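A short worksheet on the structure shown next.
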Amino acid sequence: MKEQKRKKEDGTSALKKGLGVLSCFSWTKTQMSLTEIAREQGLPLPTAARLTRALEEEGFLERDKKTKVFQLGFKCYLLGSIAKKTGFLRTIALPHMEELRKLFNETVNLYVREGDWRICYEQVESSLNLKRSARLGARFPLWAGASGRCFMAFMEKEDVDR
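Just so you know, the working numbering puts 214 at position 147 of the sequence shown, and the rest follows in order with no gaps.
Listed below in structure tokens is the structure:
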């Protein structure tokens, strides 16, 4: 029984480490070396190598044969596309965003908060030639822009003052 529990914890731990490797990548870090991944995740190099190899074999990472750097693989793209198309937030918000666009013919953005940042999650563009838009997935500091300040209006004072 004790050995079975240990195996279960080991599997969970390995999964968390693998997800940590995938989480290293961002809009600003689209490619990373094995050393960078190991350093960022606080992993020994052999552990990082095993994790990246498994993720590469399953299509979650791709590795450039010349430069040896990793980037997110097709399976990440596929899962992201599915999540974006079927996500609850998008499903709930999109009809309201489209109604706002119809009323004002302006671009409507939906942002989600991640720490001190806001990320453009969805967008319904204006039909006007001159329009303001943000790239989906773009990150902006909370203090920059009205939508970020809306988040800040409902944050604890200590968090706003940071």
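Ideal placement from N, C-alpha and C gives every residue a C-beta, glycine not left out. Keep in mind that this is a model prediction, so the values were computed, not measured.
Item	Value
Option in T153, I159, V179 and L118 with minimal Cα separation from G78	L118
Identity of the residue in F218, N196 and G85 nearest E124 by Cα	G85
Rounded straight-line distance, which links the Cα of V191 to that of N172	10 Å
Alpha helix (DSSP H) segment containing C217, residue limits	A213 to A220
I159 classed as buried or exposed, judged by whether at least 16 other C-beta atoms fall within 10 angstroms	exposed
Contacting residues, own chain, Cβ-Cβ under 8 Å from T97 (five flanking each side not counted)	Q138 and L139
For F218 and L230, believed in contact at Cβ under 8 Å, the rounded distance	Residue 230 lies beyond the residue range present for the chain, which begins at 68 and ends at 229; the question has no answer from this structure.
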